[in-house]
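Colleague: Can you read through this structure? Questions will come right after.
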Amino acid sequence: MSAADPAGLPRQRRGTTPQMHGRYPDFDVLEELDHWDERTRELIVARVESVPRRRFFSREEFATLAAFADVVLAQDREPRVPVMSLVDAKLGRSTGDGFRYDDMPEDAETWRVAARGLDEAAGGSFADAPPELRERIVDDVASGAVAGAAWSEVNVKRAFAVVMRGLLEAFYSHPWAWNEIGFGGPAYPRGYQALGVDRHEPWEAREDFDVDPVRDVRERGLK
Amino acid sequence: MNRSHLLLDPHRRGVPGVARMRRYRDDDPVDMAIVGCGAGGGVLAQRLARAGWRVVVLERGPFWDPDRDWVSDEAGSDHLYWNDTRIIAGEDPVEMGKNNCGLGVGGSMVHFAGYTPRFHPSDFTTRSVDGVGADWPIAYADLRAHYALLEQELPVAGQRWPWGDPHGYPHGPHPICGAAERAWEGARACDITMRVGPVAIANGRFGNRPHCIYRGFCLQGCKVNAKASPLVTHVPDAIEQGAEVRADSMVVGLEVDGGGAISGVRYQRDGAERVQRAHAVAVCGYAIETPRLLLHSGVGNDHDQVGRYVMVQGAPQIAGRFPELLRMYKAPPPEVSSEQFYETDRERGFARGFSIQTVSPLPIGWAEHVFADGHRGTALREYMRDYNHWAVLGALCELLPRAENRVTLADEADQFGMPRARFSYTQCENDRANIAYAKRVINRIWEAAGAEDILTIDRYAHLVGGCRMGTDPETSVVDADHRVWGVPNLFVCDGSVMPTQGSANPALTIMALASRLAEELAARRIDSTRRRAA
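Chains Y and R, in that order, are what the protein sequence lines are.
Here the numbering used here is used: position 29 in the first sequence is 29, and no number is missing along the way.
Here the numbering used here is used: position 472 in the second sequence is 695, and no number is missing along the way.
In structure tokens:
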């Protein structure tokens, strides 16, 4: 177990979660896929089984950004949701998100600036930097304090938000993450019936671990 | 009369009439060419087709088939949004895309949550009564019958509504999930009245539309056909009555004849540019695209009013953490709401007010909330693992119309060769005071409900204004008949005509405005073919 996990967080017993921990150790949403409509099933099975090949980023950019993603998503070991592969595929399809701040480049360019900026801050490859340095650089990016030629091209806080938006979308689009948090997932055509407090569907699972994250995060001094 | 619910197929979700839809030739001048098939354009087309008008709707996006095109998945629903880049600016820039911009037949209502409150009578007179905003050139009474009719057509489900102009709904209230129960209890403990609904989601079979199954993916398009959008509520009847809905057709310009009237619309389809001829044109492209099209076409902007007074609602989200499992992903995100704080209360220290509604984000939406609260890494993962313990309420704060909050043309072009829209937005002091007050009220609700912790983030919702209606061409873009000042046969019929926005979700009012305009046009009380006035 990673030192940063709260004490007692269960290991996953059924299916997969990122890093094999979570609050619903006996819940695997992928066991339900026969109950999903065909289009949804195809899409989500492909997301799990057909990890897209890198085509948008260079090998170096990809490695840098993947190391960054590991830090901001606390993916410190396998199994990892392959977030950068999903991000790479989305940027390769060139579907933007519908807006751009007037002091920012297109999102795709922002990602490339972030890769350059991270390497610059690490004085070499960010992916090869020691863990403490990587954490410190991520802190500086998040607060907007990071310096460097690449970062000076953009509004750093907004660039951080662009990258985080993409990474969070990729991570929480993955059924392994749904297992970790106990999200029931697609429910068409079956629907949900158990709507009340402390109720769950027959195929959903109990929660095996409960800690208020606000208190726990504060007490342990996490960000 | 609207038979849409009977024209759908009980077992398949796509609109059955598409294959045998009437087609008009480009050089055959139709009675009305409508730009955009959302809440405004969809209703306008259905009503005019019913009245025997020859109508073509040009819609930039696809003709959706929910079985084929939509999924129960957040990340897999990007194609429902207007994802072309808009440039955002100002001191409080408004992010665009999935939260506020639709695409395809049905428009933004395809992915709206489903809340369909009416505006209040007070919304139409905020300048004279509250000293802020603007007075509309029409009154609530002008829309009242259209509200009631549309509530039948959608249909709207909810408890009897005590605020504004009190009224009932055709369908009873839906059951609510654990998260909404907690919101209800907290509000009651604070003497705040809440009501279940009003949501445009069938509660019980409605013609060939099935009832809601509480799958929770309202924002990803309803695969059940239970939630209303013009795709299922008005387009089937429009097509049956002889309208053509021409999808995948991006209008890039309005054609102006020598007399200053509109002779047709220029559009791109399959890579070719064409012109649909028309005796009259209604632009229904919403608060960004409608001003962009008028500005790009050089039409209706003699007084520099096009694109001004664009409004959003302040929509902070406040989440409460409870010891029990609430699983807010079940049931529609819109469940219970309150309009108790809708009107001005001088003791609050600002003009106008806000509404309160449950919002219930799915995991990606919840992750964005947790990130906006400042978390990442291990802390973010821990908050996310706690997803099922949280309930989320949102406010919709009425932010005031300001001339400098506007859409202009950027000096870069999109893939159609049209200048991109640039949207600059800055709040005023009244706006900030309203949002801050609304957050305090919702914090109180969660505390009273027994929440152990509360997370608050800022965001925006909805878009209206940009071509507002008024009584004077120097301060508005269209008159009370939706006719663009100075252009005899050009109308605007969407959320952009709204001079104020209240704290209500705009969809039902956009539909009601379209319904009213269509009634006036069909009765020939408005002459759509008039040439330039002498």
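C-beta: ideal position from N, C-alpha, C; glycine also.
Could you give the distance in angstroms between the alpha-carbon of Y/L167 and the alpha-carbon of R/D250?
Modeller: C-alpha separation (whole angstroms): 49 Å.
Colleague: Does the beta carbon of R/T581 sit closer than 8 Å to a beta carbon anywhere in chain Y?
Modeller: Judged by the 8 Å Cβ criterion, R/T581 is not in contact with chain Y.
Colleague: With a cut-off of 8 Å, does the C-beta of R/L548 fall near any C-beta of chain Y?
Modeller: At least one chain Y Cβ lies under 8 Å of R/L548.
Colleague: Verify the CB distance criterion: does Y/K157 have a CB-CB separation below 8 Å to chain R?
Modeller: For Y/K157, the answer is no, since every Cβ of chain R falls outside 8 Å of its Cβ.
Colleague: I believe R/R706 touches R/H369 by the beta-carbon criterion, under 8 Å. Please report the beta-carbon distance rounded to the nearest angstrom.
Modeller: Not really, about 18 Å apart at Cβ, beyond 8 Å.
Colleague: Identify the residues that DSSP records as bridge partners of R/S227: which are they?
Modeller: None, per the DSSP bridge assignment.
Colleague: Mapping the DSSP letters down to three states, classify Y/T16 as helix, strand or coil.
Modeller: DSSP places Y/T16 in coil when its eight states are reduced to three.
Colleague: Could you check the C-alpha separation between R/G718 and R/V687 for me, to the nearest Å?
Modeller: In a straight line, the C-alpha of R/G718 is about 5 Å away from that of R/V687.
Colleague: Does the beta carbon of Y/P202 come closer than 8 Å to any beta carbon on chain R?
Modeller: No, because no Cβ of chain R sits closer than 8 Å to the Cβ of Y/P202.
Colleague: Which residue or residues does DSSP assign as beta-bridge partners of R/P692?
Modeller: Residue identity differs from the one stated: residue 692 of chain R is Met in this sequence, not Pro. Answer is R/V701.
Colleague: Going by the beta-carbon positions, is the gap between R/R432 and R/V455 smaller than 8 Å?
Modeller: Going by C-beta atoms, R/R432 is nearer than 8 Å to R/V455.
Colleague: From which residue to which residue does the beta strand (DSSP E) around Y/D85 run?
Modeller: This sequence places Ser at residue 85 of chain Y; Asp is not what is there. Here Y/S85 belongs to no beta strand (DSSP E); instead the alpha helix (DSSP H) covers V83 to G92.
Colleague: From which residue to which residue does the beta strand (DSSP E) around R/V280 run?
Modeller: Counting along the chain, the beta strand (DSSP E) containing R/V280 begins and ends at V278 to L281.
Colleague: Counting only C-beta atoms, is Y/P183 closer than 8 Å to chain R at any point?
Modeller: What sits at residue 183 of chain Y in the sequence shown is Phe, not Pro. Yes, because at least one Cβ of chain R sits closer than 8 Å to the Cβ of Y/F183.
Colleague: As an exercise, report each continuous alpha helix (DSSP H) stretch of at least 4 residues that is fully enclosed by the segment 434-515 of chain R, in chain order.
Modeller: DSSP runs (the alpha helix (DSSP H)) wholly in the segment 434-515 of chain R: 453-456 and 458-463.
Colleague: Are the segment 628-638 of chain R and the segment 256-266 of chain R touching by the rule of at least three beta carbon pairs closer than 8 Å?
Modeller: No, the segment 628-638 of chain R does not touch the segment 256-266 of chain R.
Colleague: In three-state DSSP terms, what is R/I677?
Modeller: DSSP places R/I677 in strand when its eight states are reduced to three.
Colleague: Count the other CB atoms within 10 Å of the CB of R/K446; is the residue buried (16 or more) or exposed (fewer)?
Modeller: R/K446 should be labelled buried.
Colleague: Do R/S486 and Y/A187 have their C-beta atoms closer together than 8 Å?
Modeller: Going by C-beta atoms, R/S486 is not nearer than 8 Å to Y/A187.
Colleague: Scan the segment 110-187 of chain Y and note each continuous beta strand (DSSP E) run of 3 residues or more that stays entirely inside, going in chain order.
Modeller: Qualifying beta strand (DSSP E) stretches: none in this window.
Colleague: Which residue marks the beginning of the beta strand (DSSP E) containing R/I311, and which one marks its end?
Modeller: Counting along the chain, the beta strand (DSSP E) containing R/I311 begins and ends at R309 to A312.
Colleague: Could you tell me if Y/W203 is buried or exposed, where buried requires 16 or more neighbouring beta carbons within 10 angstroms of its beta carbon?
Modeller: With fewer than 16 Cβ atoms within 10 Å of its Cβ, Y/W203 is classed as exposed.
Colleague: Since R/V294 meets chain Y, which of its residues come closer than 7 Å, beta carbon to beta carbon?
Modeller: Here the neighbours are R39, T40 and L43.
Colleague: Between the Cα of R/V766 and the Cα atoms of R/T567, R/E652, R/A674 and R/Y660, which residue gives the shortest distance?
Modeller: It is not possible to answer for residue 766 of chain R, since the shown part of chain R is limited to 224 through 757.
Colleague: Cutting at 7 Å between CB atoms, please list the residues of its own chain near R/D232, excluding the five before and the five after it.
Modeller: Taken in chain order, the residues that qualify are P239 and N431.
Colleague: Count the C-beta pairs between the segment 730-748 of chain R and the segment 261-268 of chain R that are closer than 8 Å, then say yes if the count reaches three, no if not.
Modeller: Taking 8 Å as the limit for Cβ pairs, the verdict is that the segment 261-268 of chain R does touch the segment 730-748 of chain R.
Colleague: Look at Y/G185 and Y/E32 and say whether their C-beta atoms are less than 8 Å apart.
Modeller: Against a cut-off of 8 Å, the Cβ pair of Y/E32 and Y/G185 comes out as a contact.
Colleague: How long is the line joining the alpha carbons of R/A757 and R/D525, rounded to whole angstroms?
Modeller: Low local confidence applies: a pLDDT of 34 at R/A757 is under 50, so the model's placement there is unreliable, with the coordinate-based value given in what follows. For R/A757 and R/D525, the distance between alpha carbons rounds to 18 Å.
Colleague: For Y/L118, go through chain R and note every residue whose CB falls closer than 7 Å to its CB, in chain order.
Modeller: Ordered by position in chain R, no residue passes the 7 Å Cβ test against Y/L118, which lies about 15 Å from the chain.
Colleague: When you check each C-beta in the segment 580-613 of chain R against every C-beta of chain Y, which residues fall closer than 7 Å?
Modeller: Of all residues in the segment 580-613 of chain R, P586, I587, A590, E591, F594, H598, R599, G600, T601, A602, R604, E605, Y606, M607, R608, D609, Y610 and N611 have a Cβ within less than 7 Å of some Cβ in chain Y.
Colleague: Exposed or buried, which one is R/H228 when buried takes at least 16 other CB atoms within 10 Å?
Modeller: It counts as buried.
Colleague: Residues of chain Y with CB closer than 9 Å to the CB of R/M417, please, in chain order.
Modeller: Those do not exist, as R/M417 stays about 16 Å from chain Y at its closest Cβ, beyond 9 Å.
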